[in-house]
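Have a look at the structure below, then the notes.
There are 2 protein chains.
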Amino acid sequence: MLQQRSSLLASSLASTFRRSFLVQTSSSAQRCRRAYSIHADASVGTKILDIDPSKLSIEKTTTPKTLLPPEELVFGRNFTDHMLSMEWTASEGWLPARITPYQNLSLDPATCVFHYAFEAFEGMKAYRDKNGQIRLFRPDKNMERFNKSAARIALPTFDSDALIDLIGKFVKLDQRFIPEARGYSLYLRPTIIGTQRTLGVGPPASALLYVIASPVGPYYPTGFKAVSLEATDYAVRAWPGGVGDKKLGANYAPCIVPQIQAASRGFHQNLWLFGEEEYVTEVGTMNLFAAIKNKETGQKELLTAPLDGTILEGVTRDSVLGLARERLEPEGWKVNERKFTMQEVSDASDEGRLLEIFGSGTAAVVSPVRKISWKGRLVECGLEDNQEAGPIAQQMKDWMEEIQYGDEGSEDHHWSHKIL
Amino acid sequence: MLQQRSSLLASSLASTFRRSFLVQTSSSAQRCRRAYSIHADASVGTKILDIDPSKLSIEKTTTPKTLLPPEELVFGRNFTDHMLSMEWTASEGWLPARITPYQNLSLDPATCVFHYAFEAFEGMKAYRDKNGQIRLFRPDKNMERFNKSAARIALPTFDSDALIDLIGKFVKLDQRFIPEARGYSLYLRPTIIGTQRTLGVGPPASALLYVIASPVGPYYPTGFKAVSLEATDYAVRAWPGGVGDKKLGANYAPCIVPQIQAASRGFHQNLWLFGEEEYVTEVGTMNLFAAIKNKETGQKELLTAPLDGTILEGVTRDSVLGLARERLEPEGWKVNERKFTMQEVSDASDEGRLLEIFGSGTAAVVSPVRKISWKGRLVECGLEDNQEAGPIAQQMKDWMEEIQYGDEGSEDHHWSHKIL
Chain A
1 MLQQRSSLLA
11 SSLASTFRRS
21 FLVQTSSSAQ
31 RCRRAYSIHA
41 DASVGTKILD
51 IDPSKLSIEK
61 TTTPKTLLPP
71 EELVFGRNFT
81 DHMLSMEWTA
91 SEGWLPARIT
101 PYQNLSLDPA
111 TCVFHYAFEA
121 FEGMKAYRDK
131 NGQIRLFRPD
141 KNMERFNKSA
151 ARIALPTFDS
161 DALIDLIGKF
171 VKLDQRFIPE
181 ARGYSLYLRP
191 TIIGTQRTLG
201 VGPPASALLY
211 VIASPVGPYY
221 PTGFKAVSLE
231 ATDYAVRAWP
241 GGVGDKKLGA
251 NYAPCIVPQI
261 QAASRGFHQN
271 LWLFGEEEYV
281 TEVGTMNLFA
291 AIKNKETGQK
301 ELLTAPLDGT
311 ILEGVTRDSV
321 LGLARERLEP
331 EGWKVNERKF
341 TMQEVSDASD
351 EGRLLEIFGS
361 GTAAVVSPVR
371 KISWKGRLVE
381 CGLEDNQEAG
391 PIAQQMKDWM
401 EEIQYGDEGS
411 EDHHWSHKIL
Chain B
421 MLQQRSSLLA
431 SSLASTFRRS
441 FLVQTSSSAQ
451 RCRRAYSIHA
461 DASVGTKILD
471 IDPSKLSIEK
481 TTTPKTLLPP
491 EELVFGRNFT
501 DHMLSMEWTA
511 SEGWLPARIT
521 PYQNLSLDPA
531 TCVFHYAFEA
541 FEGMKAYRDK
551 NGQIRLFRPD
561 KNMERFNKSA
571 ARIALPTFDS
581 DALIDLIGKF
591 VKLDQRFIPE
601 ARGYSLYLRP
611 TIIGTQRTLG
621 VGPPASALLY
631 VIASPVGPYY
641 PTGFKAVSLE
651 ATDYAVRAWP
661 GGVGDKKLGA
671 NYAPCIVPQI
681 QAASRGFHQN
691 LWLFGEEEYV
701 TEVGTMNLFA
711 AIKNKETGQK
721 ELLTAPLDGT
731 ILEGVTRDSV
741 LGLARERLEP
751 EGWKVNERKF
761 TMQEVSDASD
771 EGRLLEIFGS
781 GTAAVVSPVR
791 KISWKGRLVE
801 CGLEDNQEAG
811 PIAQQMKDWM
821 EEIQYGDEGS
831 EDHHWSHKIL
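The listed protein sequences derive, respectively, from chains A and B.
Counting with the numbering used here, you get residues 1 to 420 for the letters of the first sequence.
Counting with the numbering used here, you get residues 421 to 840 for the letters of the second sequence.
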C-alpha cells in the first residue's frame, strides 16, 4: 500500500493529479518522519476528506465597507467585506469551508509559510455582464494550475469544481463590490499556505487555503500605453528542472531587484531571457507574444515561448493562443509555440518584419511593447510613434473582453463561467 | 540624486551592502510607482533609521513555560518564552526593537509574504560553556549572509553588530532554556518578512524582522549515524543567475518533493546535482564535502563545491574549510573548493580512493554519508559496515564543538562570540 502511494507521488511531478495527493502527503509524512523530522499528525488509514461545498458556513460582516469610487480603485489594495477560507490537515483532509468577515490571519512565528515559502496562488477575475450576471473567465484553468502549484511544494490538492463552486458563493455574497462599468472587475486571489508550526524542513502537515477579492479598474484607463522593456542578462528567473512554470510565491520575490534595476534606467518592466542563446521567455509577470513576418515565406507568425517548464502557464497566454488558432489562422497566420531568441526579434526589427510585441496576463489582458533595451541598443517593436498598440494586441483585448463580459454573441462562450 | 541612488542599487546585486539600501528602497519605490503599482509610503528625504539597540523595550512574559526534559526536545518544535522583533518602513527605517512574550503574528491576508515569498532567514545556535558563559558561533557570518539574502529580494538591510547585540540580549533573557549538557544548544531563527498589505508585485514598503529560539538536543543523540543519499536527476535546486546562494524561503519549498521521493525509496536525503556534467552541489539542506585520494599523486584532498552562486554559503562549510586549511594542510592534505562530478566520486569509490563524504550544516555540524544512489547503482562512500563516520567528519565535529562550547584551549577562539 505504501509502495503504491509512493509511486503515485512519483508520477505526480510529471502530471496533473488531484485528490490522491492528500493520501500521499499523509503517508509520505509517516514514512519520512525519521529522515526529515516532520512530526506530522498524519495517520494512515484516517478518512481523508476533499472539499465539500455543502458544509460551507457563512458569517456575514456587521460592518460593511463603503464602496470606493471606481476611479480610486488600485490593484490589490482594497478588499471586499468577506473572505473564503478552509483549513487542511494531513490527518483529516479539508475541513468545512467558511466565509467570514475579511480579517487578519493569526499565525505562530514558526509557521512554515514564513520560513520555507510554502505558498502558491492564483489570479483570476469576476466580471459583471450587461444583464448583471456575474461571470468567471476559465476558472477551470486556474484551478488546474493551482493544484499543480500546490502539489509541487507538497501542499494539498483539492477538487477543482468544489472550489469553483465555493468561489462562486463568495463572489455572489460580495457582488456589490464589482463595478458595473466596462474594464472593471473583481480580482480574485486564491492562496494556499503551509501552516505547520515547526522549523523542521518537510511537507507541511497542515495548510490554509483562502480567497480574497479586490475590486479593480481597467489596467489602461485612458487606452493602451505601450511599455518599454529591459532585457535582463545578469539574473535568471527559471530553469529546466526548476519551478518557474508554477505559480509559487518563490518565483516572485527574486524578480523584484531586476525590476527595480530596469525601472532605474527608465524601463517599465524587465524581459527575462534564458541561456546563452538568449531565448525570450517572459516579461515581468506576463507571458510574451511576438508577431513577426517569416523571413523566407513572408507569412505572419504569432510566436510565444513553449511550455518547457521555464515559463508560467498563463491562462491569458492559452486564451490568446486559442483565439489566434481559431480566428487568425484562417486569415493566413501561423501560430507557433516555439523557442525564439532576442537576436531573432532584433533581426526582424531591423528588417521591418517585426509587426508587434505584447505581454499577456490577467491584470492587463494584453500589454503592448514599444521597445526593448538589449545589449546597449533599443530594439523597436513595430509601433509607430503615435501608436500605443498593434492590431493583434487590440484585437485580442477586444475578443477576450467580449467573452469575459458576455457581450452579444459571446453570452454562452464556453470560457465564460456564469455564477448561478 | 536619484541617479546616484540608482547606481548604488545597481552595485548592490554584486556586493554586500548595508544601510544604504534603506535609502535606495525608498527612492526606488518612488521612482517605480507608475511601473509597478508599488504604493509605498516611501518619502525621499525622511531620515532613515538603522537598528538602534539602545531603544530596545522589553515586556516579560507573565506565564513562563515549563522546561521540557532535554531528551524530549525536537528541532524547531518548542520555543522559549520570548521573541525579539522590529518593524521597518520605507519612510522611517527600523523602528525600536521589542522583546515580547512569544506570540502569534497577526497579518492581513493580502500581506506580501504570503503571496510573493518576501522572506529570508538564518539558522544559528547559542551554546552554554562549562562556566555557564553563553556563546554564539560566528554570528557575524550569519548576519553578513542575512543582509545579502534580504537585499536580494528587496527587503531592508541593517547593521550586523546592532542585531548581534539585540540577539545577545534576547538570548540572555531566555538563557534558562539552554540545556547544560554537551550537544545541546539554543537554535536561533532570525527571520525577515515583507509585510506590505497589497497585491501589487513590487518592493515591500514595510517589513518585520524577528528572532525566535528553540532549545535543541544533539543531532545524533547516540553517536553518528551515517545517512544514505539519492542523487536527484529530475529536478534542479539552483541555477547560475538565480538565488540558490541566498537563504531565502524560496529555495526550500521546491525541495520537499524530491526529498519525499528519495525517502520513498529508502534514502535519508537527496543529493542535488547540476548540469549534464552532474556536478555535486549540495545534499538536502547541507553543503557536501568529499575526501578523496588524488588519482595521480595519491595526495588526500578535501573537496567541496565552490561558491559559484548555485550553493548556499554555509557558515559550517566555511568553518570546515578554515579548520581544514589550518589543521589538515600541515598534515599533507590539499583543501580544494572546486567543481567535481558524481562520476569522479563514483570512480574514486570504485578505485578505493574515496575516503569519506559528509554533509555540513548548523543542525548536525557534520553528517557522514554511507552511500549514494546514482544511475541505478549504489556508490559506497568509504565507510566500513560497522563504521558510522570517517575520521575527518569525526575530527571536524570535535574541533567545531571545542570552539562552540569554549573548551579548554578554545576559550578565546575568535569564532566564539561571548554574550556579555
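Using N, Cα and C, we set each Cβ at its ideal position, and we do this for glycine too.
Closer than 8 angstroms to chain A by CB, residue i
i: His502/B; result: no
i: Ile676/B; result: yes
i: Ile573/B; result: yes
i: Val443/B; result: Note that Val443/B has pLDDT 31, beneath the 50 cutoff, so the model's placement of it is unreliable and the number below is only indicative. So no, Val443/B is outside the interface.
i: Tyr604/B; result: no
i: His535/B; result: yes
i: Asn690/B; result: no
i: Asp528/B; result: yes
i: Ala725/B; result: no
i: Ser569/B; result: no
i: Glu539/B; result: yes
8 angstroms Cβ cutoff, residue i in contact with chain B
i: Gly200/A; result: yes
i: Val365/A; result: no
i: Trp239/A; result: yes
i: Thr191/A; result: yes
i: Phe177/A; result: no
i: Leu248/A; result: yes
i: Leu105/A; result: yes
i: Phe170/A; result: no
i: Ser373/A; result: no
Residues near residue i in its chain [Cβ-Cβ closer than 7 angstroms; skip 5 each side]
i: Pro490/B; result: Pro599, Ala601, Tyr604 and Gly637
i: Ala422/A; result: Residue coverage of chain A in this structure runs from 1 to 420, which leaves residue 422/A outside it and unanswerable.
i: Gly76/A; result: Tyr187 and Ser214
i: Gly772/B; result: none
Distance between residue j and residue i (C-alpha atoms, nearest Å)
i: Gln824/B; j: Asn690/B; result: 28 angstroms
i: Arg846/B; j: Gly588/B; result: Residue 846/B is absent from the structure shown; chain B starts at 421 and stops at 840.
i: Ile153/A; j: Thr198/A; result: 17 angstroms
i: Ile192/A; j: Leu209/A; result: 4 angstroms
i: Gly266/A; j: Lys371/A; result: 12 angstroms
i: Trp333/A; j: Met396/A; result: 14 angstroms
i: Gly406/A; j: Tyr127/A; result: 9 angstroms
i: Pro330/A; j: Ala305/A; result: 22 angstroms
i: Ser85/A; j: Ser505/B; result: 28 angstroms
i: Asp347/A; j: Glu702/B; result: 41 angstroms
i: Val735/B; j: Val257/A; result: 25 angstroms
i: Leu493/B; j: Tyr640/B; result: 13 angstroms
i: Lys60/A; j: Lys172/A; result: 13 angstroms
8 angstroms contact criterion, which residue i and residue j should meet: CB distance rounded
i: Ala226/A; j: Val366/A; result: Wrong, their Cβ atoms sit about 11 angstroms apart, outside the cutoff.
i: Arg145/A; j: Lys247/A; result: 6 angstroms
i: Ser780/B; j: Met706/B; result: 6 angstroms
i: Ala207/A; j: Trp88/A; result: 4 angstroms
i: Ile777/B; j: Phe709/B; result: 7 angstroms
i: Ser410/A; j: Val379/A; result: The pair is not a contact, with the Cβ atoms about 36 angstroms apart (cut-off 8 angstroms).
i: Gly729/B; j: Gly664/B; result: 7 angstroms
i: Tyr672/B; j: Ala117/A; result: 6 angstroms
Proximity test, residue i beta-carbon vs the ligand ADP heavy atom, cut-off 7 angstroms
i: Thr500/B; result: Summarising the ligand content, the structure contains no ligands, and the ligand ADP is consequently not present.
Boundaries (first-last residue) of the alpha helix (DSSP H) holding residue i
i: Phe114/A; result: Cys112 to Tyr116
i: Ser264/A; result: Ile256 to Ser264
i: Thr652/B; result: Per DSSP, Thr652/B belongs to no alpha helix (DSSP H); it is in the beta strand (DSSP E), Val647 to Thr652.
i: Glu716/B; result: Taken as a continuous stretch (DSSP letters only), Glu716/B belongs to no alpha helix (DSSP H), as it is neither H nor E.
i: Phe224/A; result: Neither: Phe224/A is in no alpha helix (DSSP H) and is coded neither H nor E.
i: Glu424/A; result: Nothing can be reported for residue 424/A, as the shown portion of chain A is limited to 1 through 420.
i: Arg145/A; result: Pro139 to Arg152
Close beta carbons around residue i, own chain, < 8 angstroms, minus the five adjacent residues each side
i: Asp56/A; result: According to the sequence provided, residue 56/A is Leu. The question's Asp does not apply to it. Around Leu56/A: Pro96, Ala97, Arg98, Ile99, Leu166 and Lys169.
First and last residue of the uninterrupted beta strand (DSSP E) at residue i
i: Gln269/A; result: Gln269 to Phe274
i: Met186/A; result: Note that residue 186/A is Leu in the sequence shown, not Met. Leu186/A -> beta strand (DSSP E) spans Ser185 to Gly194.
i: Asn336/A; result: Lys334 to Glu337
i: Gly322/A; result: Per DSSP, Gly322/A belongs to no beta strand (DSSP E); it is in the alpha helix (DSSP H), Val315 to Leu323.
Contact set for residue i: own chain, Cβ-Cβ below 6 angstroms, skip 5 residues either direction
i: Glu539/B; result: Val533, Ile613 and Gly669
i: Gln679/B; result: Asn690
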